[in-house]
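Novice:
2 protein chains.
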Amino acid sequence: MFEIIAEPNRRAILSLLVSSQQSVGEIERRLRMPQPTVSKHLRVLREAGFVESTVDAQRRLYRLKPEPFQEVDAWLAPFRRFWSAHVDALERHLDRIDQSTRTKRKTKEKTTRPKPRK
Amino acid sequence: MFEIIAEPNRRAILSLLVSSQQSVGEIERRLRMPQPTVSKHLRVLREAGFVESTVDAQRRLYRLKPEPFQEVDAWLAPFRRFWSAHVDALERHLDRIDQSTRTKRKTKEKTTRPKPRK
DNA sequence: AGGGCATATGCGTGTCAAGGTATATAAGGA
DNA sequence: TCCTTATATACCTTGACACGCATATGCCCT
Chain A
1441 MFEIIAEPNR
1451 RAILSLLVSS
1461 QQSVGEIERR
1471 LRMPQPTVSK
1481 HLRVLREAGF
1491 VESTVDAQRR
1501 LYRLKPEPFQ
1511 EVDAWLAPFR
1521 RFWSAHVDAL
1531 ERHLDRIDQS
1541 TRTKRKTKEK
1551 TTRPKPRK
Chain B
1441 MFEIIAEPNR
1451 RAILSLLVSS
1461 QQSVGEIERR
1471 LRMPQPTVSK
1481 HLRVLREAGF
1491 VESTVDAQRR
1501 LYRLKPEPFQ
1511 EVDAWLAPFR
1521 RFWSAHVDAL
1531 ERHLDRIDQS
1541 TRTKRKTKEK
1551 TTRPKPRK
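These protein sequences, in sequence, are chains A and B. The opening position of the first sequence corresponds to residue 1441 in my numbering, with each subsequent residue numbered one higher. The opening position of the second sequence corresponds to residue 1441 in my numbering, with each subsequent residue numbered one higher.
1) Consider the Cβ of A/LEU1504: report whether some Cβ of chain B lies at a distance smaller than 8 Å.
2) Report yes if the C-beta distance between B/LEU1501 and B/ILE1453 is below 8 Å; otherwise report no.
3) Distance check for B/GLU1468 and B/PHE1490, CA to CA, integer angstroms please.
4) For a test of the three-state rule: what should DSSP assign to A/GLU1492, helix, strand or coil?
5) Tell me the DSSP secondary structure of A/SER1463 in three-state form.
6) Counting only beta-carbon atoms, is B/ARG1520 nearer than 8 Å to chain A?
7) Could you work out which residue in B/PHE1509, B/ALA1517 and B/THR1494 is closest to B/ILE1444 when comparing CA atoms only?
8) Quick one, are the C-beta atoms of B/PRO1506 and A/TRP1515 less than 8 Å apart?
9) I want to verify the contact list: residues of chain B whose CB lies under 8 Å from the CB of A/GLU1492, in sequence order.
10) Quick one: is A/ARG1450 buried, meaning 16 or more other Cβ sit within 10 Å of its Cβ, or exposed?
11) Is the shortest distance between the beta-carbon of A/GLN1462 and the beta-carbons of chain B less than 8 Å?
12) Is it buried or exposed for B/GLN1461, if we count other Cβ within 10 angstroms and need 16 for buried?
13) Taking just the CA atoms, how far does B/ASP1513 sit from B/GLY1465?
14) If you run the structure through DSSP and keep just helix, strand and coil, what is B/ARG1472?
15) Name, going along the chain, the residues of the segment 1469–1503 of chain A whose beta-carbon falls closer than 9 Å to a beta-carbon of chain B.
16) Starting from A/SER1455, trace the alpha helix (DSSP H) in both directions and tell me its first and last residue.
17) Going along chain B, which residues have a C-beta under 9 Å from A/LEU1456?
18) Could you tell me which residues DSSP pairs with B/ARG1483 in its beta bridges?
19) Along the chain, where does the alpha helix (DSSP H) that runs through A/PRO1518 open and close?
20) Report back the beta-carbon spacing between A/ALA1446 and B/PHE1442 to the nearest angstrom; my notes put them in contact at under 8 Å.
21) Could you confirm whether any beta carbon from chain B is found closer than 8 Å to the beta carbon of A/GLU1466?
22) Would you say B/HIS1445 faces chain A, with C-beta separation under 8 Å as the test?
23) Return yes when the Cβ of A/LEU1457 is within less than 8 Å of the Cβ of A/ARG1503, no when it is not.
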């Protein structure tokens, strides 16, 4: 599953689909990627459950499926608990990325974290 | 960065380090992985900023660094907003994984669904 | 039916990364 | 100093995969 999102073109496709569903041609056009490449990546994404497609005449409309993303999130969970212990230097980092999100998150996450034992 | 965590052995190492820092020998022993393999993966992880090491006599103690995980989380963020629109059957799933996080997130996120055009 | 558009698939090729084995570096203890 | 432990690196081989190109499949329209 991680191998799927390790491929930059596939991540680009996923990021494109997050706004709304797209046809193969639209993806090809927006990402300036040869059509067989798009189709092949879509196949991989479909078989991995990241996307699904519906038929619209000759076109196929692709859209995201939530499950794999949740699995990634689930894998990330233990590490999230870990890094919330290190909220010092990374506050600045998050500030740069998204000010408002960081602020909200900060108010609701307290730093009660497992310490390194040993 | 995604290529880093795409490798199963590396994910195993990261999961092992989440509890506490470990020496190369401990990782080798616990994961039953040849020592050069461990060292090579640790090198990749170190150069990608996932881990750092301190010297303890002849040993090197490796521990996690938070930054790359935050980046993964940041990449996941837009998709998280997406899948929270599909919160039906997966509610139970998330409940099992992390009760408090899910609840908090849900309160602040609205359901903005892309509509099927056509 | 035939032609054009939209998408999928097959094949050959090059690249890159992981594993195995051997060896190098370095610190500790006798 | 010599030996042992701990970790890192070098070299080679192999397999997976992404790409380009060509072609196949399928639907629409006239």
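Think of the CB as a built atom: it goes at the ideal place given N, C-alpha and C, for glycine as much as any other residue. A quick note: this is a predicted structure, and the numbers were derived from the prediction, not measured.
Specialist: In this structure, then:
1) A Cβ of chain B is located within less than 8 Å of the beta carbon of A/LEU1504.
2) In terms of Cβ geometry, B/LEU1501 and B/ILE1453 do not form a close pair [threshold 8 Å].
3) Taking the CA atoms as reference points, B/PHE1490 sits about 18 Å from B/GLU1468.
4) Reduced to three states, the DSSP call for A/GLU1492 is strand.
5) In the structure shown, A/SER1463 sits in a strand (DSSP, three-state: E or B).
6) Residue contact check for B/ARG1520 against chain A: a CB pair falls below 8 Å.
7) Nearest option by C-alpha distance: B/PHE1509.
8) In this structure, B/PRO1506 keeps its C-beta atom at 8 Å or more from the C-beta atom of A/TRP1515.
9) In chain B, no part has a C-beta under 8 Å from the C-beta of A/GLU1492; the shortest such distance is about 12 Å.
10) Buried: at least 16 other Cβ atoms inside 10 Å.
11) Interface with chain B (8 Å Cβ-Cβ cutoff): A/GLN1462 is excluded.
12) B/GLN1461 is buried by the Cβ-count criterion.
13) The straight-line gap from Cα to Cα measures roughly 30 Å.
14) Residue state, collapsed to three classes: coil.
15) Identification of residues in the segment 1469–1503 of chain A having a C-beta nearer than 9 Å to some C-beta of chain B yields THR1494, ASP1496, LEU1501 and ARG1503, given in sequence order.
16) Taken as a continuous stretch (DSSP letters only), the alpha helix (DSSP H) holding A/SER1455 covers 1448–1457.
17) Near A/LEU1456 there are no residues of chain B at all, since even the closest Cβ is about 11 Å away, more than 9 Å.
18) Answer is none; B/ARG1483 lacks a bridge partner.
19) Where A/PRO1518 is concerned, the enclosing alpha helix (DSSP H) stretches over 1507–1523.
20) The Cβ separation is near 4 Å, so the contact holds.
21) No Cβ of chain B is located within less than 8 Å of the beta carbon of A/GLU1466.
22) Here residue 1445 of chain B turns out to be Ile, not His, going by the sequence shown. Closer than 8 Å: yes.
23) Yes. Within cutoff.
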